[in-house]
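Single-structure report; data block below.
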Amino acid sequence: MSPDPYSDRVRELFARPGHAGVLEGNCSAAVVDQGVKIRLTAHVRDGRVEAMAFLAYGCPHVIAAAEAACAELEGRSAVELLEFPATGLMQSLSVPVEKTGRILVLEDAVRSLGRVITEMD
Amino acid sequence: MSPDPYSDRVRELFARPGHAGVLEGNCSAAVVDQGVKIRLTAHVRDGRVEAMAFLAYGCPHVIAAAEAACAELEGRSAVELLEFPATGLMQSLSVPVEKTGRILVLEDAVRSLGRVITEMD
Amino acid sequence: MIYLDYAASTPVDPAIIDAMSAAMAAPGNYANPSSTHSEGRQSIDLISAAAERLAALVNTSPDRLIWTSGATESDNLAIFGAATYRQDRGRHLVSMRTEHKAVTDPFATLAKRGFEVTWVDPEPDGRVDLGKLESVLRDDTQLVSIMHVNNETGIIQDIGGIGALCRDRGILYHVDAAQSCGKLPIDLDALPVDLMSMTAHKFYGPKGTGALYIADRKGVHVDPMLFGGGQQRRLRPGTLPTQQIVGFGETAAIAAQRMNQDLAHLRALRDRFWAGIRDLPGLVVNGSLEHGFPGILNVSAEGVEGESLLLALEPLCVATGSACNSKSQEPSYVLRALGRSDELAQSAIRFSFGRPTTDAEIDAAVELYRGAVTRLRQLAPVAA
Amino acid sequence: MIYLDYAASTPVDPAIIDAMSAAMAAPGNYANPSSTHSEGRQSIDLISAAAERLAALVNTSPDRLIWTSGATESDNLAIFGAATYRQDRGRHLVSMRTEHKAVTDPFATLAKRGFEVTWVDPEPDGRVDLGKLESVLRDDTQLVSIMHVNNETGIIQDIGGIGALCRDRGILYHVDAAQSCGKLPIDLDALPVDLMSMTAHKFYGPKGTGALYIADRKGVHVDPMLFGGGQQRRLRPGTLPTQQIVGFGETAAIAAQRMNQDLAHLRALRDRFWAGIRDLPGLVVNGSLEHGFPGILNVSAEGVEGESLLLALEPLCVATGSACNSKSQEPSYVLRALGRSDELAQSAIRFSFGRPTTDAEIDAAVELYRGAVTRLRQLAPVAA
Ligand SMILES: Cc1ncc(COP(=O)(O)O)c(C=O)c1O
Ligand SMILES: Cc1ncc(COP(=O)(O)O)c(C=O)c1O
Numbered sequence: 002m003s004p005d006p007y008s009d010r011v012r013e014l015f016a017r018p019g020h021a022g023v024l025e026g027n028c029s030a031a032v033v034d035q036g037v038k039i040r041l042t043a044h045v046r047d048g049r050v051e052a053m054a055f056l057a058y059g060c061p062h063v064i065a066a067a068e069a070a071c072a073e074l075e076g077r078s079a080v081e082l083l084e085f086p087a088t089g090l091m092q093s094l095s096v097p098v099e100k101t102g103r104i105l106v107l108e109d110a111v112r113s114l115g116r117v118i119t120e121m122d
Numbered sequence: 002m003s004p005d006p007y008s009d010r011v012r013e014l015f016a017r018p019g020h021a022g023v024l025e026g027n028c029s030a031a032v033v034d035q036g037v038k039i040r041l042t043a044h045v046r047d048g049r050v051e052a053m054a055f056l057a058y059g060c061p062h063v064i065a066a067a068e069a070a071c072a073e074l075e076g077r078s079a080v081e082l083l084e085f086p087a088t089g090l091m092q093s094l095s096v097p098v099e100k101t102g103r104i105l106v107l108e109d110a111v112r113s114l115g116r117v118i119t120e121m122d
Numbered sequence: 045m046i047y048l049d050y051a052a053s054t055p056v057d058p059a060i061i062d063a064m065s066a067a068m069a070a071p072g073n074y075a076n077p078s079s080t081h082s083e084g085r086q087s088i089d090l091i092s093a094a095a096e097r098l099a100a101l102v103n104t105s106p107d108r109l110i111w112t113s114g115a116t117e118s119d120n121l122a123i124f125g126a127a128t129y130r131q132d133r134g135r136h137l138v139s140m141r142t143e144h145k146a147v148t149d150p151f152a153t154l155a156k157r158g159f160e161v162t163w164v165d166p167e168p169d170g171r172v173d174l175g176k177l178e179s180v181l182r183d184d185t186q187l188v189s190i191m192h193v194n195n196e197t198g199i200i201q202d203i204g205g206i207g208a209l210c211r212d213r214g215i216l217y218h219v220d221a222a223q224s225c226g227k228l229p230i231d232l233d234a235l236p237v238d239l240m241s242m243t244a245h246k247f248y249g250p251k252g253t254g255a256l257y258i259a260d261r262k263g264v265h266v267d268p269m270l271f272g273g274g275q276q277r278r279l280r281p282g283t284l285p286t287q288q289i290v291g292f293g294e295t296a297a298i299a300a301q302r303m304n305q306d307l308a309h310l311r312a313l314r315d316r317f318w319a320g321i322r323d324l325p326g327l328v329v330n331g332s333l334e335h336g337f338p339g340i341l342n343v344s345a346e347g348v349e350g351e352s353l354l355l356a357l358e359p360l361c362v363a364t365g366s367a368c369n370s371k372s373q374e375p376s377y378v379l380r381a382l383g384r385s386d387e388l389a390q391s392a393i394r395f396s397f398g399r400p401t402t403d404a405e406i407d408a409a410v411e412l413y414r415g416a417v418t419r420l421r422q423l424a425p426v427a428a
Numbered sequence: 045m046i047y048l049d050y051a052a053s054t055p056v057d058p059a060i061i062d063a064m065s066a067a068m069a070a071p072g073n074y075a076n077p078s079s080t081h082s083e084g085r086q087s088i089d090l091i092s093a094a095a096e097r098l099a100a101l102v103n104t105s106p107d108r109l110i111w112t113s114g115a116t117e118s119d120n121l122a123i124f125g126a127a128t129y130r131q132d133r134g135r136h137l138v139s140m141r142t143e144h145k146a147v148t149d150p151f152a153t154l155a156k157r158g159f160e161v162t163w164v165d166p167e168p169d170g171r172v173d174l175g176k177l178e179s180v181l182r183d184d185t186q187l188v189s190i191m192h193v194n195n196e197t198g199i200i201q202d203i204g205g206i207g208a209l210c211r212d213r214g215i216l217y218h219v220d221a222a223q224s225c226g227k228l229p230i231d232l233d234a235l236p237v238d239l240m241s242m243t244a245h246k247f248y249g250p251k252g253t254g255a256l257y258i259a260d261r262k263g264v265h266v267d268p269m270l271f272g273g274g275q276q277r278r279l280r281p282g283t284l285p286t287q288q289i290v291g292f293g294e295t296a297a298i299a300a301q302r303m304n305q306d307l308a309h310l311r312a313l314r315d316r317f318w319a320g321i322r323d324l325p326g327l328v329v330n331g332s333l334e335h336g337f338p339g340i341l342n343v344s345a346e347g348v349e350g351e352s353l354l355l356a357l358e359p360l361c362v363a364t365g366s367a368c369n370s371k372s373q374e375p376s377y378v379l380r381a382l383g384r385s386d387e388l389a390q391s392a393i394r395f396s397f398g399r400p401t402t403d404a405e406i407d408a409a410v411e412l413y414r415g416a417v418t419r420l421r422q423l424a425p426v427a428a
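Which chain is which? The protein sequence lines are U, P, S and Z, in order.
Count along the first sequence starting at 1, add 1, and that's the number in the numbering used here.
Count along the second sequence starting at 1, add 1, and that's the number in the numbering used here.
Count along the third sequence starting at 1, add 44, and that's the number in the numbering used here.
Count along the fourth sequence starting at 1, add 44, and that's the number in the numbering used here.
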């Protein structure tokens with residue numbers, strides 16, 4: 002069987018990205034690379050991410066990964082953002098190898114956000 | 002429509018060659034050429050062919066032409082045999098051009114028979 | 045599922061399927077058309093009748109047509125065959141980067157084998173400017189290949205005008221008519237065209253059967269690519285696939301009858317679709333409505349990523365890039381040759397309409413497209 | 045009409061026609077298999093399933109198979125493709141004059157392009173002597189092509205033995221299996237064969253669809269002949285003809301199931317036929333009963349002209365020479381290579397039997413043959 006290029010989970014995240022949007026506040030990071038554009042915004046309290054949102058221009062895997070990252074990172078500390086590895090997402094979303102670079106752009110954006118939060122402290 | 006290579010007349014003559022065989026007597030001629038073998042025998046009276054028969058090894062057009070020639074030449078004089086042109090047969094039997102040489106072998110055989118008859122006179 | 049990918053391939057008309065089935069099973073029809081016995085001749089008759097029908101569709105004589113396995117093979121046979129046949133006269137060839145890969149790849153290969161290829165730049169709408177074309181023609185030019193209807197944009201080239209330039213100079217003119225054969229009127233008797241590629245599966249016929257037209261004119265000939273049993277005057281050997289050719293013939297006969305009706309239908313659909321989406325901001329038509337075949341509408345949307353757009357459009361079946369390279373992630377080379385930025389080329393969707401397409405499908409497609417573009421723009425960091 | 049020309053082509057099994065029809069009309073199935081949308085993927089699935097079935101028939105993996113338009117194209121792709129791919133290592137090639145034209149003509153063309161071709165002479169029954177073959181292999185030999193079952197005589201070559209000689213020396217071995225695929229057991233996993241040509245229409249499948257097996261082994265590769273959309277790993281572009289490939293897959297599945305039964309049936313028919321005619325004087329079997337595929341019996345009759353024999357045999361549909369050159373008036377080049385005189389070669393009739401052949405048809409054929417030979421001998425000047 003020739004596989005559907007998108008897993009059910011990717012389809013679900015792409016169709017209903019609950020974290021799409023912009024959170025007002027001063028924690029935000031944006032990265033443009035590899036034809037992908039990502040902007041992350043967050044509400045931060047006590048060095049922890051209370052809420053996080055994304056805007057993304059990119060393929061379905063990028064959008065799904067951004068949505069999954071936002072959901073996953075809420076409640077985490079800036080340090081955790083700084084060390085955020087995209088590998089977990091690549092696996093759980095079965096991202097094809099040729100798209101690895103694009104998911105690393107998301108990783109970049111998350112780490113930038115981590116830095117922004119750290120610097121604000 | 003891609004044509005049947007054999008006309009109805011060729012098929013008829015090939016299927017029922019009434020003049021196939023050998024007539025006992027001393028008027029006979031044989032020619033071997035172009036992969037074709039033809040033997041003609043005749044009953045001759047007063048310089049005229051009373052009856053004529055053929056044996057042939059060759060393609061259907063050769064066999065049909067030999068049968069047609071025998072039928073046509075009964076009653077003719079030796080001179081007529083000597084001048085026998087195969088062109089009429091080629092037309093009436095729609096012989097394809099690439100087989101012209103084979104029908105000329107039949108012409109040869111008829112003319113040889115004409116010579117045999119003339120020499121016997 | 046709403047299928048708007050008729051430029052990639054089409055469903056086969058039931059009448060055609062019936063004719064093909066009969067050509068495979070009915071006694072005699074399945075015989076090898078190379079055989080001399082009555083059954084073999086029956087197969088030849090079926091093939092001759094099909095040739096008559098295809099020849100009638102494009103107004104030429106049946107003995108000018110060589111059967112192939114599709115337009116890819118026809119294009120290759122025309123280009124390699126004519127280039128090598130005439131290589132002693134000269135080795136300069138002319139084409140455009142907006143051609144199908146089945147044309148550009150053979151030329152690229154010839155360029156590696158000692159031929160010189162000039163690629164003429166298209167005008168912004170994709171058409172070739174005859175003056176520009178004329179300026180690259182040389183004494184040693186042997187072959188020009190410029191298609192009739194572009195598979196991505198639908199743009200229609202002036203094949204009569206191009207052919208006239210070539211004929212004046214004794215240059216062969218090859219036309220890839222994969223997207224126009226059976227859809228637009230083609231009069232090979234009147235056109236200054238030497239070689240034309242056709243394929244059945246783009247106009248409701250079976251996949252895997254094509255034809256190459258070779259004009260009956262001095263100097264027009266192709267060297268064969270395949271060697272074997274002497275079928276098709278040694279130009280293209282192999283047992284003729286009776287059922288495929290019968291299917292192609294039936295396809296041609298139906299198309300000849302329906303052409304005007306089909307064209308009017310496609311124009312109405314295309315206009316309805318465009319009317320439904322044109323007020324969206326930041327849309328760019330790739331090609332032109334005026335000079336385009338109405339079965340194809342290719343639109344880019346600023347600020348929208350193509351792959352996500354395709355997914356957001358489901359259950360709409362449409363194409364980005366041409367069918368033949370829709371798997372690749374790269375922006376269409378055709379649209380880039382038209383001067384589109386990578387981003388704009390990436391967002392292009394080719395909507396292609398067909399006989400079975402209904403107004404209701406168009407309306408649903410309009411709604412899906414408006415929704416998807418709007419949603420993805422909202423999702424993107426830089427709103428349009 | 046009594047059809048005994050199954051080696052030329054076969055009627056298509058109704059189950060296969062049904063599968064092909066569904067692949068052309070059912071929603072989704074008709075989509076272009078190159079398209080990414082769900083409908084396109086449905087077509088790919090159909091094609092993958094067909095590849096599994098053909099691969100199972102010859103015991104290899106589906107990704108080793110390239111779809112083509114028939115054995116003629118497979119033979120050309122294998123021979124030109126391997127010869128040019130390996131031309132830097134050497135330009136010596138080996139084949140036999142008893143091969144099909146789809147093999148001998150490509151080699152003859154390569155000989156004109158700077159390759160050296162050695163033609164190994166067959167033994168009187170048509171088989172190759174392994175010692176003789178070995179003696180012509182050289183350090184610069186790159187490719188050997190010797191078929192499995194001969195299309196005129198039915199003789200079976202020892203492809204395992206030939207392949208072993210080649211593999212020992214790093215030479216590629218190509219087998220034209222057009223007449224054996226689906227009829228004799230073939231185990232590509234076990235056989236030392238690098239390239240194998242197959243075609244569906246010789247075993248109850250559709251005409252115009254073939255395959256080329258390319259072994260997964262270092263140094264085994266072919267340069268493509270056609271260029272275009274990147275289909276089939278660029279080895280053979282063009283829109284894949286879903287219905288044709290589905291038909292081929294179904295053909296393979298049925299053949300795998302029926303092979304033993306088919307073989308027993310053919311053997312019984314061939315033996316019945318031979319028993320019915322063998323007492324006629326002056327008969328010569330071209331090939332051999334012992335080493336021949338039982339679906340084919342090729343017999344010459346001394347003193348009988350072939351074309352007249354063919355007509356006298358009506359309504360029997362049989363072949364003189366192979367189907368692909370049965371139109372030519374020349375005696376078969378294959379039989380001449382076996383040492384037959386022109387006259388004896390001319391009189392050869394190839395009887396080929398199939399699944400639908402009945403004992404009653406065999407008995408009628410026996411009567412027709414006895415009658416025709418007897419009558420034509422009586423008609424001939426020099427009786428046998
Ligand atoms: C313009 C053009 N040329 C050639 C082809 C190749 O045709 P085929 O699929 O018959 O090989 C296509 C379609 O894929 C096409 O659109
Ligand atoms: C031995 C052999 N090779 C090749 C071919 C050519 O096959 P196709 O008709 O599929 O091109 C045939 C049949 O004609 C054949 O018998």
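A virtual CB, placed ideally from N, CA and C, is assigned to each residue, including glycine.
Can you tell me where the beta strand (DSSP E) holding residue i begins and where it ends?
i, result
"Gly415(Z)", "Run containing Gly415(Z): none in the beta strand (DSSP E); it sits in the alpha helix (DSSP H), Asp403 to Leu423."
"Arg49(P)", "Arg49 to Tyr58"
Does the beta-carbon of residue i have 16 or more other beta-carbons within 10 angstroms, so that it is buried, or is it exposed?
i, result
"Met121(P)", "exposed"
"Pro359(Z)", "exposed"
"Ala367(S)", "Confidence is the limiting factor: at Ala367(S) the pLDDT is only 46, short of 50, which leaves the residue's position unreliable and the question unanswerable from this model."
"Leu174(S)", "exposed"
"Lys262(S)", "exposed"
"Gly282(S)", "buried"
"Asn369(Z)", "Residue placement at Asn369(Z) cannot be trusted, given a pLDDT of 45 that sits under 50; the coordinates are not used to answer."
Taking Cβ-Cβ distances shorter than 8 Å, what residues in chain S pair up with residue i?
i, result
"Glu117(Z)", "Ser113, Leu270 and Gly282"
"Pro58(Z)", "Ala69"
Give the residues of chain Z in contact with residue i, contact being defined as C-beta atoms less than 8 Å apart.
i, result
"Thr153(S)", "Phe271"
"Pro18(P)", "Leu423"
Consider the C-beta atom of residue i and the heavy atoms of ligand 2; say whether any pair is separated by less than 8 Å.
i, result
"Glu120(P)", "no"
"Val56(Z)", "no"
"Thr283(S)", "yes"
"Asn342(Z)", "no"
So with CB distances below 7 Å, who are the chain S contacts of residue i?
i, result
"Ser65(Z)", "Ile61 and Ser65"
Note down, in chain order, every chain U residue with its Cβ under 8 Å from the Cβ of residue i.
i, result
"Leu279(S)", "Correct list: empty, because the minimum Cβ distance to chain U is about 36 Å."
Chain P partners of residue i, CB-CB under 7 Å?
i, result
"Glu351(Z)", "Cys60 and Pro61"
Residue i versus chain U: which residues are under 7 Å apart at the beta carbon?
i, result
"Leu355(S)", "Tyr7, Phe15 and Pro61"
At a threshold of 8 Å, does residue i count as lining ligand 1 (C-beta to nearest heavy atom)?
i, result
"His81(Z)", "no"
"Val147(S)", "yes"
At what residues does the alpha helix (DSSP H) containing residue i begin and finish?
i, result
"Met91(U)", "Thr88 to Ser93"
"Thr148(Z)", "Lys145 to Lys156"
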